[in-house]
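As structure tokens, the structure follows; a few thoughts come after it.
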Amino acid sequence: MPLKGERPVGSQGLVTRAEPVWADAGPDDVLMLQMLPTFAVREAEDDLPLSRAAQRLVVFLALRDHPVRRAEAAHTLWGEASGEHSAASLRTTLWRVGQVHRGLVRATPEWLSLADTVAVDVRAASGLARSLAAHGELPADSAPVAGLLATDLLPVWCDDWLFAFRERWRQLRLHALERLAERLAAQRRFVEAVDVALTAIDGEPLRESAHRSLIRVHLLEGNHGEAIRVYRALVRLLRTELGVAPSPGARALLGEIRPAQ
């Protein structure tokens with residue numbers, strides 16, 4: 001997909017933000033669902049005009065890899081209403097979705113699911129993140145990948161049922177960024193490694209493991225002064241914000257620095 005602008009990462013630097021990655025899209029996929037960071041359903045180059053209620057239903061189904069009972073969907077999405085009214089709201093929303101595109105949601109009298117022909121960006125991005133966190137092939141250019149992994153799942157949505165899915169994606173992408181930084185450093189791609197590690201820190205400044213990844217990158221490059229500076233900044237941050245000290249694991253990293261003879 002083409003790139004689209006750049007996103008500043010705090011005061012640390014820049015990462016390029018990529019368009020949605022449709023790694024699981026095939027020739028039979030006719031619709032593309034975007035949730036990172038905003039909602040859109042696209043057919044070719046056109047966005048489908050879905051109502052807010054329809055958007056919530058589509059996202060609810062997309063974040064589950066299995067069919068959902070109608071009653072569960074109605075209760076979750078319209079829980080403030082009675083059972084009869086929530087079921088009626090679901091039926092109305094399904095009808096409106098069908099008026100926009102009949103190939104978006106599959107519905108039976110009891111079950112609902114997203115159609116198999118819909119490619120979902122967060123599913124593709126999750127697969128990419130897991131691959132990078134393990135031993136998958138490193139990208140030739142890490143900037144678009146880092147931009148994708150810096151992106152939250154529908155951050156302006158306030159639905160309570162989204163919390164677990166949003167947090168699961170956040171943890172996965174931060175782990176992937178940390179691991180990607182260290183793998184890039186191991187291949188002596190230090191400029192990219194530093195930028196990716198800073199992207200992880202920007203995603204959660206109080207996350208010690210992100211700071212440890214940056215320290216490891218500096219140590220691999222032989223920049224002992226930079227590693228010490230990052231550690232001292234971490235000490236101040238954790239003391240000020242949480243009243244705690246870094247873990248023994250963070251302190252042990254500095255043990256790799258040999259004292260002057």
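Sequential numbering of the sequence shown, starting at 1, is according to UniProt numbering.
Every residue gets a Cβ at the ideal spot worked out from N, C-alpha and C, and that includes glycine.
Here DSSP, grouped into helix, strand and coil, assigns S82 to coil.
When the five nearest sequence neighbours on each side are left out, the beta carbons in the same chain lying within less than 8 angstroms of the beta carbon of V100 are those of L48, P49, L50, A54, in order along the chain.
In this structure the region 207-223 does not touch the region 162-172; the number of beta carbon pairs closer than 8 angstroms is below three.
In this model, W157 and V59 are separated by some 11 angstroms (Cα to Cα).
The beta-bridge partner set that DSSP reports for D141 is empty.
Looking at the backbone, the Cα of L177 and that of A88 are separated by about 44 angstroms. Exclusion of the five residues before and after L234 leaves H211, P246 as the residues of its chain whose Cβ lies within less than 6 angstroms of its Cβ.
Secondary structure of E43 (DSSP, three-state): strand.
Taken through DSSP and simplified to helix, strand or coil, S51 comes out as coil.
Within the same chain, Cβ atoms closer than 7 angstroms to the Cβ of S142 are found at L180, L184, E192, V196, the five residues on either side in sequence being excluded. With a threshold of 16 other beta carbon atoms within 10 Å, L242 falls short and is exposed.
Between the beta-carbon of V120 and that of A62 there is about 5 angstroms, and that keeps the pair under the 8 angstroms contact cut. As computed with DSSP, W111 is found in a beta bridge with R69.
W111 and A150 have their C-alpha atoms roughly 34 angstroms apart. The beta carbon of V194 lies closer than 6 angstroms to those of V217 in the same chain, with the five residues before and after it left out.
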